[in-house]
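Chemist: The structure follows.
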Amino acid sequence: MTGDRVFRVLLVLVGGVALLYGVVRTAGPDLGGVGLLGTVAIGVGWAGWLLGPRVRIPVVLSLGVLAAGGGLVAVLSPLGPVVVGLAALFAATALDPVVAAGIAGVGLACAAVTGHALAPPAGAAAGALAGLLIGTVRRQRRAREHQAAELARARERAELERGRAELLAERNRIAREVHDVLAHTLSAVSVQLTAVDALVADGAGATAVRAGLDRTRRLVVEGLVETRRAVRALRDEPVALADQLAALTRDDGAALRVDGTARPLPPAAGLALLRVAQEALTNARKHAPGGEVTVHLVFGERTARVRVTNTAPDGPGALAPTGGGYGLTGLAERVDLLGGSFTTGPEDGGWRVEAEVPA
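Numbering (our numbering), first residue to last: 522 to 880.
So, in structure tokens, the structure goes:
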């Protein structure tokens, strides 16, 4: 039992003893059989209410006996109505209002039976009414405090769950981004290794083969750098899409056109459009070797759009069989999650890949 709890128990115990003493003192020599019975009932009811939770005495029984004792001594002591009021107050605070009213009625009935005038029952009625009103107010206040505490706990749990959801969402974004970067890098490396293998099969010189291997090594290094950059960007760093597309098209020998006022884009939007451009350029190298490739970046007021087109290939692409064939499908799902649009299809004998996202 805590110190605060012990103090309250002692305070209630002392109050009960003082109340009994006051009843006996005010009743004086008039304390007869009924008065003595009422005094004992007050003591038993008070003790039962105090110790009830520990000795499993029903609270209703204890408060009923207390109210009855107050009603029995109401004709002898002015503290009788006070006892009835206290019993009603405790009942209204802890029990159902109907039960509390019944306990108050027990006190009124005992006062009416033993009283030979109107004053004792009237005093008991006034005490009971005051006790019920005060107890009801206390009960409502406790209910509000309980509701406020429950609401605070619910808000705390909701905040905790929101933090967990944000953490999981961030992990999912990072995992998706790393997957897309590695998928693009491995696809590009696969294309380049196939090209190197073709050079070797055609009897190309060591210089050409070495250049192809250097290109492969550079793709791997760029993939690692791009992975780190993507993870940093997902920490809410804006994406300078125009600059990154300029470097990408320069390495791939593609043309870049930018319309609108270039600006950094939110991480999700900027990285999604960058991945679309990377995948489209890789596919152009695989399926349309020798064709002209153009990347068109458009900055709107509330959107950003990337359009990659390539002209018809000079002939069947030797690298077409490489790769898994699922890159554009995954990017379409990614753009759709952002509330954007993704389309692909033939155009003027070549191919077009276009994506637009809110930005």
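Where a beta carbon is used, it is the ideal one built from N, C-alpha and C, also for glycine.
Measuring alpha carbon to alpha carbon, tell me which of Val596, Pro599, Ala608, Ala595 ends up nearest Val565.
Modeler: Minimum Cα distance to Val565 is reached at Ala608.
Chemist: From this set, Val620, Arg855, Ala704, which residue's C-alpha is nearest Asn804's C-alpha?
Modeler: Closest option to Asn804, Cα to Cα, is Ala704.
Chemist: Beta-carbon within less than 7 Å of Ala621's beta-carbon, same chain only, minus the 5 sequence neighbours each way: which residues are those?
Modeler: Correct list, in chain order: Ala609, Ala612, Ala613, Leu653, Gly656.
Chemist: Can you grab the Cα-Cα spacing for the pair Leu688 / Val878, in whole Å?
Modeler: C-alpha separation (whole angstroms): 24 Å.
Chemist: For Glu875, which residues does DSSP report across the bridge?
Modeler: Partner(s): Arg828, Thr864.
Chemist: For Trp872, which residues of its own chain have a beta-carbon under 6 Å away from its beta-carbon, when the five flanking residues on both sides are left out?
Modeler: Closer than 6 Å at the Cβ level, and outside the excluded window around Trp872, lie Asn831.
Chemist: How many whole angstroms separate the CB atoms of Ala709 and Leu734, which I take to be in contact at a CB cut-off of 8 Å?
Modeler: 14 Å between Cβ atoms; not a contact.
Chemist: Between Leu849 and Leu766, is the Cβ-Cβ spacing less than 8 Å?
Modeler: It is not a contact, given that the beta carbons lie outside the stated cut-off.
Chemist: Report, in whole angstroms, the separation of the C-beta atoms of Glu758 and Val702, which I expect to be a contact under 8 Å.
Modeler: No, Glu758 and Val702 are not in contact; Cβ-Cβ is about 15 Å, not under 8 Å.
Chemist: Measure from the alpha carbon of Arg778 to the alpha carbon of each residue in Ala768, Pro787, Leu786, then state which is nearest.
Modeler: The shortest Cα separation from Arg778 among Ala768, Pro787, Leu786 belongs to Ala768.
Chemist: Would you kindly check if the distance between the Cβ of Gly870 and the Cβ of Ala825 is under 8 Å?
Modeler: No, the pair does not count as a contact, with Cβ atoms beyond the cut-off.
Chemist: What does DSSP give as the partner residue(s) for Asp772 in the beta ladder?
Modeler: Note: Asp772 sits in no beta bridge, so no partner.
Chemist: Where does Arg778 fall in DSSP's three states?
Modeler: DSSP places Arg778 in strand when its eight states are reduced to three.
Chemist: What separation, rounded to the nearest whole angstrom, lies between the Cα atoms of Val555 and Gly590?
Modeler: Computed Cα separation, rounded: 9 Å.
Chemist: Taking the alpha carbon of Leu582 as the point to measure from, which residue in Ser711, Ala562, Ala651 has its own alpha carbon closest?
Modeler: Leu582 has its Cα closest to that of Ala562, out of Ser711, Ala562, Ala651.
Chemist: Is it the case that the Cβ atoms of Leu852 and Arg784 are separated by a distance below 8 Å?
Modeler: Contact: no.
Chemist: Counting only the same chain and skipping the five closest in sequence on each side, list residues whose C-beta sits under 8 Å from that of Ala793.
Modeler: Counting only Cβ-Cβ distances below 8 Å, and skipping sequence neighbours, we find Leu852, Arg855, Val856, Leu859, Gly861, Ala876, Val878.
Chemist: Under the three-state reduction of DSSP, which class applies to Leu795: helix, strand or coil?
Modeler: Looking at Leu795 - three-state DSSP - the assignment turns out to be helix.
Chemist: For Val816, which beta-bridge partners are listed by DSSP?
Modeler: BP columns for Val816 point to Leu777, Val829.
Chemist: Tell me the DSSP secondary structure of Val760 in three-state form.
Modeler: It is a strand residue.
Chemist: So what's Leu786 in DSSP terms, helix, strand or just coil?
Modeler: In the structure shown, Leu786 sits in a strand (DSSP, three-state: E or B).
Chemist: Pick helix, strand or coil for Asp869, following the three-state DSSP scheme.
Modeler: Three-state result, Asp869: coil.
Chemist: Span of the alpha helix (DSSP H) holding Ala609?
Modeler: Per DSSP, Ala609 belongs to the alpha helix (DSSP H) from 600-615.
Chemist: Would you tell me roughly how many angstroms separate the C-alpha atoms of Val658 and Leu593, rounded to the nearest one?
Modeler: Rounded to the nearest angstrom, the two C-alpha atoms are 27 Å apart.
Chemist: Take the Cβ of Ala539 as the centre, count every other Cβ of all protein chains shown within 10 Å, and call the residue buried at 16 or more, exposed below.
Modeler: Its Cβ having fewer than 16 others within 10 Å, Ala539 is exposed.
Chemist: For a test of the three-state rule: what should DSSP assign to Leu540, helix, strand or coil?
Modeler: If DSSP states are grouped into helix, strand and coil, Leu540 belongs with the helices.
Chemist: To the nearest whole angstrom, what separates the beta carbons of Ala625 and Ala649, a pair I think is in contact under 8 Å?
Modeler: Sure, about 4 Å apart at Cβ, within 8 Å.
Chemist: Beta carbon of Ala633, beta carbon of Pro602: below 8 Å?
Modeler: Their beta carbons are not under 8 Å apart, which means Ala633 does not touch Pro602 by this criterion.
Chemist: Excluding the 5 residues flanking Cys631 on each side, which residues of the same chain have their C-beta closer than 6 Å to its C-beta?
Modeler: Closer than 6 Å at the Cβ level, and outside the excluded window around Cys631, lie Ala589, Gly592, Leu593.
Chemist: Beta-carbon within less than 8 Å of Gln713's beta-carbon, same chain only, minus the 5 sequence neighbours each way: which residues are those?
Modeler: These residues qualify, in order along the chain: Gly733, Arg736, Thr737, Leu740.
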